[in-house]
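All remarks here apply to the structure that follows.
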Amino acid sequence: MGSIVDNFEDELQELREAFDSGKTRELSWRRSQLQAILSLIKERESDIFKALNQDLGKHHVEAYRDEIGTVAKSAKYALGNLKKWTASKRAKLPLAAFPSTAKLVNEPLGVVLIISSWNFPFGLSFEPIIGAIAAGNTIILKPSELAPACSSVLTKIIHDYLDNSAIKVIEGGPSVGEKLLRHKFDKIFFTGGGRVGQIVMTAAAKNLTPVTLELGGKCPAVVDLISSSWDRKIAMKRIIWGKFGACAGQACIGIDYILTQKKFAPILVEMLKKYIMKSFGDNPMKSNSVAKIINKKHFSRLKGLLDEPLVKSSIVFGGSSNEENLFIEPTILLDPPLDSAIMTEEIFGPLLPIITLERIEDSVEFIRARPKPLAVYGFTNNEKLQKRMIRETSSGSITFNDAIIQYAVDTLPFGGVGGSGFGRYHGKYSFENFSHQKAVMMRGYLIDFGFRYPPWNNKKLQL
Ligand code: NAD
Numbered sequence: 000m001g002s003i004v005d006n007f008e009d010e011l012q013e014l015r016e017a018f019d020s021g022k023t024r025e026l027s028w029r030r031s032q033l034q035a036i037l038s039l040i041k042e043r044e045s046d047i048f049k050a051l052n053q054d055l056g057k058h059h060v061e062a063y064r065d066e067i068g069t070v071a072k073s074a075k076y077a078l079g080n081l082k083k084w085t086a087s088k089r090a091k092l093p094l095a096a097f098p099s100t101a102k103l104v105n106e107p108l109g110v111v112l113i114i115s116s117w118n119f120p121f122g123l124s125f126e127p128i129i130g131a132i133a134a135g136n137t138i139i140l141k142p143s144e145l146a147p148a149c150s151s152v153l154t155k156i157i158h159d160y161l162d163n164s165a166i167k168v169i170e171g172g173p174s175v176g177e178k179l180l181r182h183k184f185d186k187i188f189f190t191g192g193g194r195v196g197q198i199v200m201t202a203a204a205k206n207l208t209p210v211t212l213e214l215g216g217k218c219p220a221v222v223d224l225i226s227s228s229w230d231r232k233i234a235m236k237r238i239i240w241g242k243f244g245a246c247a248g249q250a251c252i253g254i255d256y257i258l259t260q261k262k263f264a265p266i267l268v269e270m271l272k273k274y275i276m277k278s279f280g281d282n283p284m285k286s287n288s289v290a291k292i293i294n295k296k297h298f299s300r301l302k303g304l305l306d307e308p309l310v311k312s313s314i315v316f317g318g319s320s321n322e323e324n325l326f327i328e329p330t331i332l333l334d335p336p337l338d339s340a341i342m343t344e345e346i347f348g349p350l351l352p353i354i355t356l357e358r359i360e361d362s363v364e365f366i367r368a369r370p371k372p373l374a375v376y377g378f379t380n381n382e383k384l385q386k387r388m389i390r391e392t393s394s395g396s397i398t399f400n401d402a403i404i405q406y407a408v409d410t411l412p413f414g415g416v417g418g419s420g421f422g423r424y425h426g427k428y429s430f431e432n433f434s435h436q437k438a439v440m441m442r443g444y445l446i447d448f449g450f451r452y453p454p455w456n457n458k459k460l461q462l
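Counting along the sequence shown from 1, when you hit position 115 you're at 114 in numbering that gives the first Met the number 0, and nothing is skipped either side.
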């Protein structure tokens with residue numbers, strides 16, 4: 000079914016031949032494949048739900064909102080815009096170039112490798128696939144081995160619905176990834192952590208292969224005193240969702256920690272507690288609205304973050320866990336030490352540190368002093384602070400008064416900067432990510448200037 004590890008040389012050859020045949024350049028082929036993605040969602044939705052629940056304990060509402068529904072929306076958007084995106088664009092020329100015409104022609108890159116992560120295994124595989132199809136490439140997908148049920152369903156549905164001579168799945172872990180990286184691709188699109196990102200980039204450099212790295216980091220949320228009680232209520236709900244409601248905090252753009260003013264912290268903690276209980280009940284351990292931790296290794300890693308004595312003593316809510324069902328309770332910590340692992344490493348789980356500052360404006364310096372995040376959030380109506388955050392901090396995106404939502408907006412590019420990665424996708428940016436814009440210039444013979452041709456003499460300089 001396209002996942003035989005020792006045989007992928009033949010599969011890559013088949014993809015190369017499919018690309019060289021020119022069929023993936025045809026708009027009809029691109030349309031048929033995007034349409035097939037919509038069909039597989041419709042007809043295999045329950046298999047996908049089941050796999051997401053098995054690997055991550057995602058409730059089907061969460062699975063639809065974050066993955067299945069989002070992918071369907073993106074496929075529809077690409078279908079609706081395909082003609083416009085693929086059309087060549089006229090370019091303006093200076094008078095000195097007369098008589099000429101010029102245009103920008105989009106061409107596919109070739110055979111592309113997509114390596115995806117386990118936290119949104121369906122979404123993070125299909126979002127780049129949609130862009131790569133729209134741009135006319137052939138594709139090899141390597142999903143994450145840490146979400147095995149999803150990896151297996153992806154392999155099956157892609158085999159059953161898409162053109163297998165042009166789109167294939169290779170399942171496996173790091174050793175399969177490394178084997179794949181020994182081959183030459185025309186583009187590598189990687190979603191994962193910075194350590195593996197370096198391995199991918201090093202392998203790509205050998206063939207001068209362009210790379211997009213969708214990495215992670217610590218995404219801060221600056222939470223200001225919000226005077227309106229209505230706005231506060233909505234802000235709290237969005238913070239709780241932005242931390243615990245998307246894959247239990249195992250989300251690259253999930254809120255990692257909060258920055259707030261010292262005097263506001265006690266009120267903030269109380270409000271957050273209240274909304275955690277509203278969202279997940281009095282006993283969140285029993286809630287089916289919090290996803291589970293992906294595996295024992297990550298469970299122990301998160302427990303390890305909490306078990307540092309000074310971190311443990313900073314817990315103001317939650318803190319309990321159940322290893323058997325890989326559940327960690329939504330947990331709030333107040334001012335854990337800044338040099339503890341929970342504040343120096345990406346948390347990627349349902350632990351929410353609150354760091355207090357004398358003045359909310361100090362949050363700008365706090366963020367600037369750390370690696371550039373994938374996303375920065377500001378819960379504030381203070382326009383001066385908003386402007387400073389936009390101008391003086393650097394991140395893949397910045398969103399005010401909400402979290403994570405920017406991921407689903409087709410007209411916004413999604414991607415990191417600095418340590419959170421580079422390259423961008425979603426909507427038209429996905430199409431561009433997997434395309435080369437070729438400059439095409441057509442000259443006429445009507446006018447010609449002799450000074451541009453040798454032999455050189457000073458007279459030609461005076462012209
Ligand atoms: P990871 O880097 O361990 O693995 C990512 C992928 O790389 C997996 O498919 C894995 O099998 C593969 N891989 C692992 N070792 C490899 C090797 N040596 N050679 C080739 N491939 C290899 O990351 P992860 O645990 O899957 O994901 C967690 C990280 O990903 C977090 O840092 C998170 O923030 C980030 N992330 C980023 C985004 C984004 O869109 N920017 C989305 C999800 C996750």
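C-beta atoms are modelled at their ideal positions from N, C-alpha and C, and glycine is treated no differently.
Just so it is clear, the structure is predicted and the values come from calculations on it, not from any experiment.
- In the DSSP assignment, the residues bridged to Thr190 are Glu213.
- Per the C-alpha coordinates, the member of Ser419, Ile331, Ala247, Pro283 positioned closest to Phe298 is Ala247.
- The segment 239-258 makes contact with the segment 338-349; the number of CB pairs closer than 8 Å reaches 3 or more.
- When only Cα atoms are considered, Ile314 and Ser429 end up about 41 Å apart.
- Taking the CA atoms as reference points, Asp306 sits about 21 Å from Gly216.
- Thr211 and Gly422 have their C-alpha atoms spaced approximately 5 Å apart.
- Below 8 Å, enough C-beta pairs join the segment 101-112 and the segment 430-447 to call them touching: three or more.
- Val408 is not bridged by DSSP to any residue.
- According to the DSSP assignment, Gly130 belongs to no beta strand (DSSP E) but to the alpha helix (DSSP H) extending over 122-133.
- Shown here, Ala148 sits in a helix according to DSSP, grouped into three states.
- No Cβ-Cβ contact shorter than 9 Å links Leu179 with Ala220.
- For Leu26, the enclosing alpha helix (DSSP H) covers residues 26-55.
- The C-alpha of Met284 is placed about 6 Å away from the C-alpha of Glu328.
- Tyr274 is positioned such that its CB atom lies no closer than 9 Å to that of Ile225.
- Short note on Gly280: C-beta not closer than 8 Å to any heavy atom of the ligand NAD.
- Using a cutoff of 8 Å, the CB of Cys149 does not count as near the ligand NAD, since none of the ligand's heavy atoms is closer than that.
- Of the residues Gln53, Arg369, Ile36, the one whose Cα lies closest to the Cα of Asp162 is Ile36.
- Excluding the 5 residues flanking it on each side, Glu25 has no same chain C-beta neighbour closer than 6 Å.
- A distance criterion of 8 Å places the beta-carbon of Ala203 beyond contact range of the ligand NAD, judged by its closest non-hydrogen atom.
- Secondary-structure assignment with DSSP links Asn321 through a beta bridge to Phe326.
- DSSP places Ile354 in the uninterrupted beta strand (DSSP E) bounded by 350-356.
- Only residues of its own chain outside the window of five on either side were considered, and among them Lys183, Phe184 have a CB closer than 8 Å to the CB of Asn206, listed in chain order.
- Contact between Gly395 and Val416 holds: their C-beta atoms lie close to 5 Å from each other, under 8 Å.
- Pairwise C-beta distances place the segment 111-130 in contact with the segment 142-161, as three or more of them are shorter than 8 Å.
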